[in-house]
Structures are given as structure tokens and as C-alpha cells.
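Numbering (the working numbering), first residue to last: 57 to 267.
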């Protein structure tokens, strides 16, 4: 396929990212390739560019654990085609990814021919998922919808809560006041429909998968 596509590769493993970089170049000549090694750097890239045609997303990166990164991205960039690249090939993982709005799923074990076929298919506007997975992807689950309603800053606060940081530590890391963090937490609890930080963290952890 010859086209001037802009494709963003998000993976924290330099060797795999480089291999994927080479594979995409072979599949799509003339593609403009961007790279990100964490959820934060990915968000910076997306905020600074409006011409990204496709995001190739690893589920496990700094700042993202399991489905949480995909959920956040779907909430903020609903029109961006996202194809998950994962070491996990479990059908339940593929179905969860599909339910959370991914446009495709490519196992990391895919050979070059399979990868090129998948990339060409999604750039033609046709979703790509491994054979044998469910076709029922009409509904996002309730937890995903609630998490997707959080703002980027609220999502970051929730992630820090999950890491066990105290309010004052989060305030220091984000360079804001403790009162601001408390306001964020109140909004997070309301949007998630929970009463405390433990319940909020449990909800986030329910999006984790072994990928």
C-alpha cells in the first residue's frame, strides 16, 4: 500500500518498537511514523498532532496497565482508529479490547505477512481481529464508560491513587495544591459511582489483564 499515512507506534520496548517500525515501513511505503514509549508521551504526541491516521497501542506501558490506557484514549479520541498490539493472544483479552472500542488486534507473534495484511485492512477502514473471537462488540462495559468519562488529570490522579500515593504526594508530583487533589478525587468518586479511594482503585484494577 502506497499512501502518506501518519502512524503512531506506542510501545515501551525499544527492540519491539523498532521491529514494528521496520514492519510498518515495509507494509506502507512513505508512511510517516511517530513513536511513544509511555502513555504520557503518547498523549503529548496526540495533543500536538491532529493528523494521526492510526495508533498501534501496546496494552502494557508506563502509565497504562491493561485496558486502562485504551479506555482513556477512547474517551479522549473517539474518532482515532486504535489497533492493539499485544503479547497476549487469549480470546477473552481480544474480546475485551474489541468491547472497549479498539479497531483491531494484532498479536506480537504475528509474522510479517500477517502484520502487513492486518495493517492494510485497517487502513482500508475494515476492523481486523484474529479469527475465532466474538463479533459482539456493540456495547462497552459499564466500568469502561465510567473511566472514559474522567478528564486526563483525573485519570492521572486515579493512577497515582492506585500506586498508593497520598494526597500530598500526588499534589507534589502534579505541582498543585492538596485542595485541588481533593476536588479531583470528589469528581472521580462521583463519576465512578464510588464512595472512597479503595473502591475507585478496585474499579481501575478490574481493567487490568495479563498482556
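Heads up, the beta-carbon is just placed ideally off N, CA and C, and yes, glycines get one too.
If you draw a straight line from the alpha carbon of residue 78 to that of residue 101, how long is it in whole angstroms? Counting from one through the chain shown, the residue named residue 78 turns up at place 22. Counting from one through the chain shown, the residue named residue 101 turns up at place 45. When rounded, the distance between both Cα atoms is 20 Å.
Please report the distance separating the alpha-carbon of residue 108 from that of residue 61. Mapped onto the chain shown, residue 108 falls at position 52. Mapped onto the chain shown, residue 61 falls at position 5. Using only the alpha carbons, I get a separation of about 8 Å.
Compare the beta carbon distance of residue 232 and residue 224 with 8 Å and say whether it is the shorter of the two. What you label residue 232 is simply residue 176 of the chain shown in a count that begins at 1. What you label residue 224 is simply residue 168 of the chain shown in a count that begins at 1. The answer is no: Cβ separation not under 8 Å.
Pairwise C-alpha distance: residue 92 and residue 98: The residue given as residue 98 occupies position 42 in the chain shown. The residue given as residue 92 occupies position 36 in the chain shown. Residue 98 and residue 92: Cα-Cα distance of roughly 5 Å.
Contact under 8 Å by Cβ, residue 164 with residue 72: Taking the first residue of the chain shown as 1, we reach residue 164 at position 108. Taking the first residue of the chain shown as 1, we reach residue 72 at position 16. In contact: residue 164 and residue 72 (Cβ atoms closer than 8 Å).
Are the beta-carbon atoms of residue 110 and residue 179 separated by less than 8 Å? The count along the chain shown starts at 1 and reaches residue 110 at position 54. The count along the chain shown starts at 1 and reaches residue 179 at position 123. Against a cut-off of 8 Å, the Cβ pair of residue 179 and residue 110 comes out as a contact.
For residue 250 and residue 131, what's the separation of their Cα atoms in angstroms? One-based indexing of the chain shown puts residue 250 at position 194. One-based indexing of the chain shown puts residue 131 at position 75. Residue 250 and residue 131: Cα-Cα distance of roughly 20 Å.
Which residue from 240, 167, 230 and 259 puts its Cα closest to that of residue 218? Numbered from 1 along the chain shown, position 162 holds the residue referred to as residue 218. It is 259.
Continuous alpha helix (DSSP H) stretch holding residue 237: start and end: Counting from 1 along the chain shown, the entry for residue 237 is found at position 181. Per DSSP, residue 237 belongs to the alpha helix (DSSP H) from 234 to 248.
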